[in-house]
Every structure is written in C-alpha cells, then in structure tokens.
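K.L.:
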Amino acid sequence: MLNLTMLPLLVELPPLPTLRETALIMPEIILTLFACAALVLDVALPRGKKQVTAYLSLVGLGFVALALAQQVMGVADRLPVSAFYGMLFIDGLSVVFRFVFIVAAAFSILYSIKYLEFEREQRGEYYALILFSTLGMMFVAVSGDLISLFVSFELMSLSVYVLVGYLKRDGRSNEAAMKYFLTGIFSSALILYGLSLVYGVTGHTNLGLIAETIADYVQGAGAENGDPRLLLLVAMVLVAAGLLFKIAAVPFHMWAPDAYEGAPTTVTAFMSVGPKAGAYVLLARMLLFALAPLREMQDLPGWAAMLTVVAVLTMTIGNLAAVTQDNVKRLLAYSSIAHAGYILLGIVSGTPMGYQGVAFHIMTYTLMNTGVFAVIIALHRQGVIGEKLDDLNGLFAKAPSVAVLMLIFVLGLAGIPATAGFVGKYLLFGSLIQSGKPWLTYVAVIAVLNAVVAFYYYARFLRAMFLNPPSENLADAAPLLLTPGVRAAMVVSAAAVLFFGIYPQPLIDVAEIVAGSITTVYAQSPGIAVR
3 MLNLTMLPLL
13 VELPPLPTLR
23 ETALIMPEII
33 LTLFACAALV
43 LDVALPRGKK
53 QVTAYLSLVG
63 LGFVALALAQ
73 QVMGVADRLP
83 VSAFYGMLFI
93 DGLSVVFRFV
103 FIVAAAFSIL
113 YSIKYLEFER
123 EQRGEYYALI
133 LFSTLGMMFV
143 AVSGDLISLF
153 VSFELMSLSV
163 YVLVGYLKRD
173 GRSNEAAMKY
183 FLTGIFSSAL
193 ILYGLSLVYG
203 VTGHTNLGLI
213 AETIADYVQG
223 AGAENGDPRL
233 LLLVAMVLVA
243 AGLLFKIAAV
253 PFHMWAPDAY
263 EGAPTTVTAF
273 MSVGPKAGAY
283 VLLARMLLFA
293 LAPLREMQDL
303 PGWAAMLTVV
313 AVLTMTIGNL
323 AAVTQDNVKR
333 LLAYSSIAHA
343 GYILLGIVSG
353 TPMGYQGVAF
363 HIMTYTLMNT
373 GVFAVIIALH
383 RQGVIGEKLD
393 DLNGLFAKAP
403 SVAVLMLIFV
413 LGLAGIPATA
423 GFVGKYLLFG
433 SLIQSGKPWL
443 TYVAVIAVLN
453 AVVAFYYYAR
463 FLRAMFLNPP
473 SENLADAAPL
483 LLTPGVRAAM
493 VVSAAAVLFF
503 GIYPQPLIDV
513 AEIVAGSITT
523 VYAQSPGIAV
533 R
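Next comes the structure, spelled out in structure tokens:
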C-alpha cells in the first residue's frame, strides 16, 4: 500500500518519453533485436549452417542503415535534437559516425565468414558480439549525458574484449585478450573516476549543463566556495588519459601491438576502425563539448597543450616503431598509433578545417584499413598464416587483382596524392597552419616529417608484392581465402579511396556537417569561443 507521504514524489515524476522520442533511437532498437536474434538463431541452426547468422547480421545492419537514413531525412532541418531529458543528443557528428560504425561492422562481418569457416570457429555469438559492440558505439554517438556515455562505451569495449579472445584454443588470442582486458578496465576506471569528479564539481551529468557551469568557473563566476579549476584539471587529465588508452595514443599505447597480433585477424580489422572511431567520438564529446572551456586557461594549462604533446609523441613513436616490424599486424598496429596522432592534431587545431579533417580521415581510414586487413585475411590459408611481410612476396604474380587493391589501400594510408588518405592529411596538417599560432606551425612541420617516415614502411609492402619473387613453398600455391562478396567489398573500398582522393568534395561536405555541429556547440555554450 502506498504511503500518503509518497504522493508528492509520484506527482513530481517526469512524464514518460513520447513515441516521437522513442523513434529517435529506432536504429538502435532494430540493432538490438537483430543482435539478440543472432544469439537465438545460433542455438537453433545445425553445425554446418552457422554462417546463416552472418547473413542475418548483414541484413540487420542494412535495416539499421535504412532506419537511420529515414531518421536523418525527418530531423535534418532541426538538428541538433535532444530527447529523453537530455540523455539523447542527435547532431551532425552522431549522424555521420553512426553510418561509419555500420560500414565498419558490415565489412568486418563480410570478411569474417570464410575466415571463421577455415578456423572451424563459425558461431553466431561472434556476429552477435560485433552487433552489440556496434550498438554501444551508436549509443556513444547519440549520448548527451555522462551516465549514458559511460554505459554505452563499456558495452562497446566489453564486446571487443571477448572478441579478441574468441579463438579459445589459440594461446596468442588468449594472451592478447587478457592484456587488452586488463589495460581496458584500468583505462575505464580512470575515465569513471574523472567523470565522478566532473559531476562532483559541477553537480550535473548533462554535457551541456556541465559546459555552462565550467565556463562560469573559468570566467571567475560561481566559485564562491573556492576555485574548482584545479579539481577540474585533475578530472580532465583522468578522462583524457583513459580515452587516450582506448585510442592507443602514446604513452598509453603498449597494449595495441600485442592485441593486434594475438587477436583473430578479422577482429583486429574491426577493433582498428569501429571501436577506435567510437573512442574518438567520446573524446570529442568530452573535450570539445563538456570540457571545452578548459581548452586554454590564463594561469593554468589546458587540454590543448597536453594533447599537442601527446599527438607529437604518438605520431613520432608510432612511425619509428613501425619501421622495424616484420609482422604485418604489429606494423599496422603502430601505423594506427601514428594515425591516432594525426587525428589528435585536428582536435588540437581548434578550427573548423581541423574538425573536418578528423571526420574525413576517420571515414577514409575505415575503408583503407579494413581493405588492408581483408588482403591479410585472404592470405591466411592452409600452411600460411599470412601475417608476415614475406607472405606478401610475389603477390602480384599470384593474384594481380588483389595486389593492385592492396597497392591502393597502402598508398592511401601513406597519404600519396590522388588517394583519400592525402586529402585527410592535408586537412589535418593544414588546420594547424590555419590556426594562426606559430607553435602549431612547427607541429605541422613535425607531422609532415612523420608522414615521410611512414612512406618507408608502407613501401615495404610494395616491394614485397611487386619486386620480391614468389615463395617456393607449396603452401603458397593454395588459392587465397576469398569469396565474391569479399572481392566486391574490397573493390568498392578501393574505388572509394581513389574517387574521394580525386574528387573529395562530397565527403568533405559530409565532414563539414560534423565540423558544423561542433562549432555550433561552441557558439551556443557561454564562455566558449568559436575558433
């Protein structure tokens, strides 16, 4: 029986979300249903038919993409949209990156079907974990509250921890999963502690209200009981350190080479683009929105200076370490570390061009990196692991079309003109000069020198494929692990890398939507200057 003293509490409860608000998360609802269906279907299917779960997952991602496209057409003229009492925040950044997550998941599933059959590990739980991880990424993109951000981010991360150790009979996979899990939970603890300090100082979990409160503190208002900026600085360092772990930025990069090498190659392809992009979105939400007023302070260091040092160290150490690698997956791990440094430069620049560069580079990096890993997956066959540079020897003589596709992907990662990778680097490096700050111009010079270093180890791929003679090992004569669907996906990715390198304007316009949503936040938040 209800106590009469409880009636006022019941009266003050907020109204339930409307159907219109629920429709805003319809893509996520559809994805949840298909992820659960993949688990159930796996139990019902016989052993030889488990790949049906993969096709169901691809169909589900197609429906999610359609629902997202319909949603965009419905709310495009009134973005940003807030719902669920501020916990849901849909803007240009969330719209664009949800499509990126869908593409990354679809390519990873497509590349996994034949690979898992070869490994005799074809089970529906694998595809369900990819869908649940994608679900976490999508909720990260639309979250406008600290609680929903953290829960969504952990859903994304926990699924990937399991995927890294998916090959239970493989000692390398188990070791990689343990290393990734231990460093991952440590970084999550840092993030959670930092978020708790942010809440303790501001009294809010809504990102917009946090930004307004911190802006008042930075301007000297609202600090009658003392200056909270030092505590906010500690919170900022903890949150940033935890997120830098997730993107494998120096000095928090030590887990990446081991995790990349030990994980199943299809999982490595997925975690190098999807969860990484999710971490960048969370980093943008925290630094460019909630903690934006802490970018630069008069008498205290802001996050811009800290991130600049991290970016320089990340791209330099990543490129130098990649030069000495003979294992392709470890080389690509250090390459991804270097690219993390490039992406951080766009955030440091604080310019619309820099934000455009971040979005453009992440979108094209998704295509280029998954394409490279698709070739590595194709090399994995009976008697050939396919993870050494020597396994690429004479690839042009054995499979000319695959070698040409690999050439396009590698040239894109190196940033050669006429590829999308060049345009991304141009926007990121150019934004440093556009900022008008002399010290950032020096950083741009360092970035260009790093890109030159990267040419060397990317050229090693080309030498192995086109100049080195084929191996005389009989195992190398076995056909590559390819299907018509994988070939089609690789061709589409390579064509996109070339098309957006020659005519980048359509993708630049999409990246401008992301940049516009960030600069709009700057304009609407008190005390945050538009740069």
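The working numbering puts the first residue of the sequence shown at 3, with every later residue one more than the last. Cβ coordinates follow ideal geometry from the N, Cα and C atoms, glycine included.
Would you list, in sequence order, the uninterrupted alpha helix (DSSP H) runs of no fewer than 4 residues that lie entirely inside the segment 79-129?
P.N.:
Counting only runs of 4 or more, we get 94-121.
K.L.:
Grab the span of the alpha helix (DSSP H) containing Leu-57 for me, first residue to last.
P.N.:
Taking the first residue of the sequence shown as position 1, residue 57 is located at position 55. It should be noted that the sequence gives Tyr, not Leu, for residue 57. Element bounds for Tyr-57: 54-77.
K.L.:
Quick check on the DSSP output: what are the complete alpha helix (DSSP H) runs of length 4 or more inside the segment 448-519, in order along the chain?
P.N.:
486-504
K.L.:
Determine the closest residue to Leu-429 out of Ala-449, Pro-266, Lys-170, with distance taken between C-alpha atoms.
P.N.:
Reading the sequence shown from its first residue, position 427 is the one you call residue 429. The candidate whose alpha carbon is nearest that of Leu-429 is Ala-449.
K.L.:
Helix, strand or coil, according to DSSP, for Glu-329 in the structure here?
P.N.:
Counted from its first residue, the sequence shown places residue 329 at position 327. This sequence places Asn at residue 329; Glu is not what is there. Here Asn-329 sits in strand by DSSP.
K.L.:
Under 7 Å Cβ to Cβ from Ser-433, same chain only, skipping five residues before and after it: list those, please.
P.N.:
Working through the sequence shown from its first residue, we reach residue 433 at position 431. Around Ser-433: Gly-348, Ser-351, Thr-353, Met-355, Gly-356, Gly-359.
K.L.:
For the 8 Å Cβ check, are there 3 or more pairs between the segment 367-378 and the segment 311-319?
P.N.:
no
K.L.:
Runs of 3 residues minimum, wholly inside the segment 130-205: which ones carry the beta strand (DSSP E) assignment?
P.N.:
none
K.L.:
Just the C-alpha distance for Ala-179 and Val-455, rounded to the nearest angstrom, thanks.
P.N.:
Residue numbering aside, residue 179 sits at position 177 when the sequence shown is read from its first letter. Residue numbering aside, residue 455 sits at position 453 when the sequence shown is read from its first letter. Answer to the nearest angstrom: the Cα atoms are 31 Å apart.
K.L.:
How should Lys-170 be labelled, buried or exposed, when 16 other C-beta atoms within 10 angstroms of its C-beta is the threshold for buried?
P.N.:
For the purposes of this step, residue 170 is taken as residue 168 along the sequence shown, with counting starting at 1. The residue in question, Lys-170, is exposed, as its Cβ has fewer than 16 Cβ neighbours within 10 Å.
K.L.:
So if DSSP puts Asn-208 in a beta bridge, which residue, or which two residues, is it bridged to?
P.N.:
For the purposes of this step, residue 208 is taken as residue 206 along the sequence shown, with counting starting at 1. In the DSSP assignment, Asn-208 is bridged to Asp-147.
K.L.:
Measuring CB to CB, does Gly-146 end up less than 8 Å from Gly-88?
P.N.:
Counting from one through the sequence shown, the residue named residue 146 turns up at place 144. Counting from one through the sequence shown, the residue named residue 88 turns up at place 86. Gly-88 is positioned such that its CB atom lies closer than 8 Å to that of Gly-146.
K.L.:
Taking the continuous alpha helix (DSSP H) assigned at His-363, which residues delimit it?
P.N.:
Locating residue 363 in the sequence shown gives position 361, counting from the first residue. From DSSP, the alpha helix (DSSP H) with His-363 extends over 354-381.
K.L.:
Quick check on the DSSP output: the alpha helix (DSSP H) that includes Glu-23 runs from which residue to which?
P.N.:
Counting from one through the sequence shown, the residue named residue 23 turns up at place 21. Looking at the DSSP string, the run of the alpha helix (DSSP H) that includes Glu-23 is 21-25.
K.L.:
Compare the beta carbon distance of Gly-126 and Asp-44 with 8 Å and say whether it is the shorter of the two.
P.N.:
Counting from one through the sequence shown, the residue named residue 126 turns up at place 124. Counting from one through the sequence shown, the residue named residue 44 turns up at place 42. The Cβ-Cβ distance between Gly-126 and Asp-44 falls below 8 Å.
K.L.:
If we count the other Cβ atoms within 10 Å of its Cβ and call it buried at 16 or more, is Ile-149 buried or exposed?
P.N.:
Your numbering for residue 149 matches position 147 in the sequence shown. It counts as exposed.
K.L.:
Would you mind sorting Ala-525 into buried or exposed? The rule is 16 or more other CB atoms within 10 Å of its CB.
P.N.:
Residue 525 sits at position 523 when you count from the first residue of the sequence shown. Note that Ala-525 has pLDDT 42, beneath the 50 cutoff, so the model's placement of it is unreliable and the number below is only indicative. The residue is exposed, with fewer than 16 neighbouring Cβ atoms inside 10 Å.
K.L.:
Nearest-angstrom Cα distance between Met-308 and Leu-33?
P.N.:
Taking the sequence shown and counting its residues from 1, one reaches residue 308 at position 306. Taking the sequence shown and counting its residues from 1, one reaches residue 33 at position 31. For Met-308 and Leu-33, the distance between alpha carbons rounds to 37 Å.
K.L.:
Taking buried to mean at least 16 other C-beta atoms within 10 Å of its own C-beta, is Arg-22 buried or exposed?
P.N.:
Sequence index remark: in the sequence shown, residue 22 carries index 20 (1-based). Exposed, because fewer than 16 other Cβ atoms sit within 10 Å of the Cβ of Arg-22.
K.L.:
Using the Cβ count rule (16 or more neighbours within 10 Å means buried), how would you classify Pro-295?
P.N.:
Counting from one through the sequence shown, the residue named residue 295 turns up at place 293. Result: buried.
K.L.:
So Met-140 and Arg-100 are in contact, right, with Cβ under 8 Å, and what is the actual spacing, rounded?
P.N.:
Position 138 of the sequence shown, counted from the first residue, corresponds to residue 140. Position 98 of the sequence shown, counted from the first residue, corresponds to residue 100. That pair is a contact at about 5 Å.
K.L.:
Are three or more beta carbon pairs between the segment 52-71 and the segment 492-508 nearer than 8 Å?
P.N.:
The segment 52-71 is not in contact with the segment 492-508.
K.L.:
Which residue or residues does DSSP assign as beta-bridge partners of Lys-390?
P.N.:
As a position in the sequence shown, residue 390 is number 388, starting the count at 1. Answer is Asn-329, bridged to Lys-390.
K.L.:
Going by CA-CA distance only, name the one from Thr-204, Val-164, Ala-40, Ser-337 that's closest to Leu-60.
P.N.:
The count along the sequence shown starts at 1 and reaches residue 60 at position 58. Scanning Thr-204, Val-164, Ala-40, Ser-337 for the CA closest to the CA of Leu-60 turns up Ala-40.
K.L.:
In three-state DSSP terms, what is Asn-321?
P.N.:
Indexing the sequence shown from 1 puts residue 321 at position 319. Looking at Asn-321 - three-state DSSP - the assignment turns out to be helix.
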